[in-house]
Structure formats: C-alpha cells, structure tokens
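One structure is given here, and the rest of the page talks about it.
Protein chains in written order, with the working numbering: chain W, 5 to 326; chain X, 5 to 326.
Shown next, in the form of structure tokens:
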C-alpha cells in the first residue's frame, strides 16, 4: 500500500497556480489581492450524518466543495482557494481517485485552487470525515451579511426548495418516485450547484443573505436573529421542486420545503424599491428568483401564511444535535 | 439540551478583534496586512489515532491548536487567525467548556483569533474529530521552506527529542517511569509549546525548516526530498529528553528520538558560516539549539552515524497508513 504521503501527492498535489506555494510544505503561501477582504468558512461533513454511507465518491467530492463554495456565494465573495482534510479508516485508492476527480472538476470550474490538506486514518470503527476550509475575496464593505436586512425589505429565494430533502427521503426508501423524478431529486441532493454568480451580482443590491443549508425556515431565522427583525413568508410563494406536484403529499412537501436542508439556494433580502433590479438579474442569470415575503419591525419572529392569509405553524431548521 | 448553534455561540463565539467579521455569519472576513503573504495549514486530529480516548479536554484544546501553530513556526510566519471544526458523538458541555478553555488560553497567548468553525455530530459509534485551519503572515520571500537547504549546510534541532513518544509509551503502560519523569513526558506529549519565536527569528538565517510532528528522521527526510540533497546526522548529537538517562533502554530511546512524533521542535538548516548567529540566537531565546549534522551533495539519503562514525540503521517517519 502506498504511504500516506504518496497518496496525498498522487491525488491532491498539483503545481501551484495562483498560490505562491501549494501543497507539500508545512504551510501553503498565498498572496491575497491587495485591498480585498478574505472571506473564510469551514465545514465538516461526517458519513452517516451529512452523507449516506456508500454515496458515490465523485459526487461526494463535488458536494463537499460545493457546500463550502455556497458559503462564499452567500457572502458575495469570489472563490479562490481551499484546504481539504480527510479522515478514513483505510486509504482506499479507488475512492480517493473518484473523490478527487469530483472535487477538482468543481474546483476548476469555480476558480478554486487546492492549497493544502491533511489525510489521516480514522479509528477502525470510524467513518469518513471531510473538512474543507474555503477562501474567497470580496471588496471591503461589499460582503452580504446576515445582519443587514431591514424591516420592509423583500425576502427572495433563488431556484427551488425541498428537492434535496426529497432526494434524501427517496434514498432512504421513504417515498416512491418516477425514475425521472428520482434521478432529478438525487442530483439536487448530491450535485448542488452553488449560486456564486448570483452572490457576486447581489453585491450592492441585497441587504442580507444566507445559503439554504439547514432548511429555509431555520436559515431565514439566522437573518432575523442577526438583523433584529421579524418576517412574514407566503408559503405558497416558495419555489419548490416540480416532483412534489406528482407526489401528492402536502405534509411531506411542507416539511421538505420549509425544513429540508441541502438545497444550497440563496435567501436574500433587498429593498422593495429594487424589485425591478432583482427581476432583471433573474432574467440575465436565467435563474428563477422568487419574492416570498417581507421583513417586519419588531421581535425576531418568523410567520408563514397560506394563500388565504392564515398562519401556518412555523417549522424549525435542522439541528445536528436534536 | 442546548441546540448546536447555542453550543457554538456559548463556547466559541467572541466579539471579533482583528477580524472584520468573526464567528456567526456564512463566512468570517479578515483583512490580511497589506503586502504580506498568508501562510495556511490544516490539520485533522482523530481520537484513537492522534490522541488517546480520555485525554484531558483542556490539554487537547491546547494541543489541537499547538500542532497547527507549529506549522506556522516552521514557515517563520506570525500566527493570526484560525478556524475550528469539531465532530463528536454527543454535545458534551463539560468537555466543550474544558476544550475551549485550553484552546483559547493558547490562542490568546499566541495572538491567534478564532474566526469561524463548525460543530457537528459524528455517527454514534464514531470518535471525536478535530480539524483546525491556521493562518499566519510572512513577508514575501521570507518564508522558511523545506526546499531551501543546500549541501554543506548545518542541520540544527531545537529543544529536545523523544519526550512526547516516551510520554505516549508511558500512557500506554509500556514503560514505568518515576512520577517526576512521567509528569514531564506527559506534558511533552499533551502540552507542546510551538516554537513560534524561533521560527520568526530564523527568517533570513535558516535555509530550510520543518517541525517535528511525525518523527525526526521522517521529517528531515521531507527536507531532503524537497531540497534534492542528502544528510548525515550524528546520532549522539541529537538532543533528547533527560528521562531517557534514567530509563536505560537504548533501543526504545533510539526509536523515540529518531521516529517518535509529536515533539513540535524545529529542524532547520543554515549555512555553516552562520554558526555563531545560531548560537547567539539560542542564548537570546534561552532555547537549546543543537547542531546535529550536515547536508550532503547527491542522492536524497539520510545517514545516521554513532560517536565512532559507524553507520546506524535509519529509522523511517511515522506514517498513519502503515
């Protein structure tokens, strides 16, 4: 079996491009662009918690990086660099080959350079653990914060909600879907497409933003908490995956749309005076952007109402420790 | 039980100091000092592999950060920021309290600000997993690289070797030591003191450097590989923990000194013309610096010789997959 160091080199070591020094020394060296702030985020993905045992390694390589790039998108930052730490019970060459192929395909497409990493054995009974730290650049003052939403702002969401959660339910055998729908929602779960271009274009337009990783309701709550405001959301306005229409299970649909995680769409707020600008942006990006509610004065309370204006019981976000 | 988010806030969220935006949004925002390169390193520590189950949580908090700071020291970089990702089977408040106390005590002393993190449940059977990414600053061109050593350079090592490995052997019940020695080597194992000040002072003096994480022989081999040179090391010159003198087990001593990991001393190379400068630095820092060998022309071969000049069999570095 090749040694740890040979494995790392073989799959993850490439010549440095924009980095001054890439993988292979005690540290990587990067020269951030003069005058830019660096946006940094770290995410850990655990087998059995964030992904199912047996998940396709190539798709997992994609998704591990995608969820991190999504954090940059939610800040309006340009992806630049990443580090990757991997722990696994045995050094599985076929798995590493596929994982790195998926990782680098998205990295190359997104302008991300892998600058460092660590590969280690986890204890025999343990599972695969992936930790990525991502670095992006954003001009000072331009980052999209959770804390910037104002009462009266529109609440927008990109793309569609609930597909990834439905994909997980399908994977776990809890729902039966047509082959076409099953394939579609599995892709929503395993191959999320981070909304980088949208995030960049929202600089100067959105007042607040977050990505949908834990579920629409829980993630919007973070904007409410940080912005010190409430919100009313029209449940029927929430864009959702078309597969729900074929399923005819409104209860599951509501759970997936409000509390399903892993969609990696962006929720953002913008002044109601900028509605035309947001709609123009949607056309330019060919990405649906739906106005789903309004930020409110007062306590940090999130209300959902139906088409008739009646209150729906609020659904909390996904919490790993609950 | 408090939710994941409440736990993170309680133990790890502090007001941003030098960061523009700290823990609590999709990303942290930092403004690297103009003109400086950023040194970045990532390390994953797995329970049962990098630390024993039941290791004191406060010491583990210290060590997790120390091993990362040590990577900055080996580059000659000033510590600035870190992110921390933690996976554990259950959210253990007492453990988190102790772990964070140990982490922040060293962070504050080292000028490191925690700017982001992730806390997640690992699957039920899984163990604790810690992933830290560290950021330091170094003027362009001043970083100490593994690749800079030249044939004829002296090879130096700071402090002493083998103590951490002896501490591990003692913890595993493989050796019996006096209480005083046991306490000393346990501290070497659990409370390493990264050589930051030494690294900074070696800018412009050392030609190559690496920290001793996997074992002296294996780590020096990385300098040989990257610098394209060989080395001869005088085994008797290697500084070692005093506890070995009381133990009288030369075979274990050799294994610990050459292949024991976790000492977090610095190995560095410097021109033989700078010997006085290195010795003056040792006096100023009150840190022993031992000249242990010489870089050689030719193939990347590491030879050890005893006091009589006879070759010793070389010992490889620690490899997680072997």
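Where is the CB? At the ideal position from N, CA and C, for every residue including glycine.
Collapsing the DSSP output to three states places residue 227 of chain X in a helix. With a 10 Å radius around the Cβ and a threshold of 16 neighbouring Cβ atoms, residue 14 of chain W comes out exposed. Using a CB distance cut-off of 9 Å, residue 82 of chain W does not count as an interface residue toward chain X. For residue 307 of chain W, the uninterrupted beta strand (DSSP E) segment begins and ends at 306-309.
Cα atoms of residue 18 of chain W and residue 26 of chain W: separation of roughly 8 Å, rounded to the nearest angstrom. If you draw a straight line from the Cα of residue 120 of chain W to the Cα of residue 137 of chain X, it comes to about 10 Å. In summary, the residues of the stretch 109-126 of chain X whose CB is separated from some CB of chain W by less than 9 Å are 119, 120, 121, 122, 123, 124, 125, 126, in the order they occur in the chain. Beta-carbon to beta-carbon, residue 167 of chain W and residue 207 of chain W are separated by about 27 Å, too far to satisfy the 8 Å threshold. Secondary structure of residue 98 of chain X (DSSP, three-state): helix. The Cβ atoms of residue 294 of chain X and residue 161 of chain X sit closer than 9 Å to each other.
For residue 144 of chain W, the residues of chain X that pass the 8 Å Cβ criterion are 24, 35, in the order they occur in the chain.
For residue 308 of chain X, the closest alpha carbon among the candidates X/256, X/265, X/235 is that of X/235.
For residue 121 of chain X, the enclosing beta strand (DSSP E) starts and ends at 117-125.
Under the 9 Å criterion on CB atoms, residue 18 of chain X is classed as non-interfacial with respect to chain W. DSSP assignment within the stretch 150-199 of chain X yields the following whole alpha helix (DSSP H) runs of 4 residues or more, N-terminal first: 167-175, 183-194.
Among the CB atoms of chain W, one or more fall inside 9 Å of the CB of residue 230 of chain X. Residue 89 of chain W sits close to residue 124 of chain W, with the two beta carbons spaced by under 9 Å. Restricting attention to beta strand (DSSP E) runs no shorter than 3 residues, the stretch 255-319 of chain W encloses them at 270-274, 293-300, 306-309, ordered along the chain. Boundaries of the beta strand (DSSP E) around residue 84 of chain X: 82-92. For residue 137 of chain W, the neighbours in chain X by C-beta distance under 7 Å run, in chain order, 46, 87, 137. Listed by position along chain W, the residues whose Cβ is nearer than 7 Å to that of residue 104 of chain X form an empty set, because the closest Cβ is around 16 Å away. Residue 45 of chain W sits in a strand when the DSSP states are folded into three classes. DSSP, read as helix, strand or coil, puts residue 71 of chain X in helix. Here residue 132 of chain X has 51, 92 as same chain residues with Cβ atoms under 6 Å from its own Cβ, once five neighbours each way along the sequence are excluded. Residue 51 of chain W is bridged by DSSP to W/55. Straight across, the Cα-Cα distance linking residue 298 of chain W with residue 156 of chain W is about 6 Å. Residue range 234-238 is occupied by the beta strand (DSSP E) that includes residue 235 of chain X, with no alpha helix (DSSP H) assigned at that position. For the pair residue 148 of chain X and residue 221 of chain X, the Cα-to-Cα distance works out to about 19 Å. From the beta-carbon of residue 269 of chain W, no residue of chain X is found nearer than 8 Å; the closest lies around 13 Å away. Leaving aside the five residues that flank residue 169 of chain W on each side, the residues in its chain whose CB is nearer than 6 Å to its CB run, in chain order, 260, 264.
DSSP links residue 25 of chain X through a beta bridge to X/33.
By the neighbour-count criterion, in which a residue is buried when 16 or more other Cβ atoms sit within 10 angstroms of its Cβ, residue 292 of chain W is exposed. Residue 279 of chain X has its alpha-carbon roughly 15 Å from the corresponding atom of residue 153 of chain X. The Cβ of residue 31 of chain W sits closer than 9 Å to at least one Cβ of chain X. Between residue 230 of chain W and residue 29 of chain X, the CB-CB gap stays under 9 Å. The Cβ atoms of residue 267 of chain X and residue 196 of chain X sit closer than 9 Å to each other.
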